[in-house]
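Notes for the one structure printed next.
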Amino acid sequence: MEIYLLINWSVIRNKKFYLMGNNCSDGSSQGQQKNGKKGLNLKKPVHECKVVILGERAVGKTSVAYRYLEDKFSDSHIVTLGVNFVQPEVKLDNGTTVKINLWDTAGEERFRSMLPMYYKSSKAAIFTYDIGNAISFQNIDDWVSELNDHVAADDIILYLVGNKKDLPPEQRKVSTEEGQKTAERLGMRFMEVSAKTGDGVPELFKTVAEEFVKKFKP
Ligand SMILES: Nc1nc2c(ncn2[C@@H]2O[C@H](COP(=O)(O)OP(=O)(O)OP(=O)(O)O)[C@@H](O)[C@H]2O)c(=O)[nH]1
Ligand SMILES: [Mg+2]
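With the working numbering applied, the sequence shown corresponds to residues 6 to 223, in that order.
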């Protein structure tokens, strides 16, 4: 079942929808945490990281974002019209918070021309395919070369993510090894996840946040 939902250009945060302006930044700010025992204010860094999630229609881009943000899953394909903006936060082990300004883009062909504005100044790109759909995997090269036309390789961290890891073996069309090889060839980090079960999803966003801090906020 396909549902067209007009929630684009909104921020899903704390289970509410907010209208937004296109005002995300990649700057950082300083949060403060009070140490009750000693009465000291210990500054904990808060960084913002712009991330774009890309891939063919129905590979599960929105579902991955929704799983991380709300820890929920829907069997319906809620077709993304243009782009959704969500803002999950990741807390790292050292107390640093990374606010991920996540642009969840539409896989449908008719929206392709608007994608470059979301690549621009992104610090990470998550290329997603469906492990049960070989075409969505074969097309990854096209997605990557499209991004390379707009962003210098050194300015962005690339992830290749095979979603729908929960599918039974007989429905799998792309092996883990094929995914790994392609990621190596394209200089990307690789993971398989399932938005349905949640397997690998928190790890994905944690890795994105950690790598972002390592590379851009050392
Ligand atoms: N089995 C399984 N199905 C999934 C998974 N993730 C998403 N789906 C299903 O795949 C379909 C498409 O999911 P979406 O998240 O809407 O896909 P999308 O990539 O955002 O699609 P577009 O917005 O059209 O580009 C839906 O029916 C989801 O329920 C998963 O991990 N496992
Ligand atoms: Mg979507």
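Glycine is no exception: its CB is placed at the ideal position from the N, C-alpha and C atoms. This structure is a prediction, so every number in the text was calculated from the model and none was measured.
### Query
Span of the beta strand (DSSP E) holding residue 91?
88-91
### Message
Please report the distance separating the alpha-carbon of residue 84 from that of residue 59.
### Response
14 Å
#### Entry: Which of helix, strand or coil DSSP assigns to residue 179
coil
### Task
Consult DSSP for residue 202 and reduce its assignment to one of helix, strand or coil.
coil
### Task
Could you tell me whether the Cβ atoms of residue 134 and residue 212 are closer together than 9 Å?
no
### Message
Using the Cβ count rule (16 or more neighbours within 10 Å means buried), how would you classify residue 186?
### Response
exposed
### Query
Who does residue 131 pair with in a DSSP beta bridge?
58 and 164
### Query
Is the beta carbon of residue 127 sitting closer than 9 Å to the one on residue 56?
yes
### Query
With a CB to CB cut of under 8 Å and the five nearest residues on each side skipped, what residues in its chain are close to residue 205?
170, 196, 197, 198 and 199
### Task
Within 10 angstroms of the Cβ of residue 68, are there 16 or more other Cβ atoms? Answer buried if so, exposed if not.
buried
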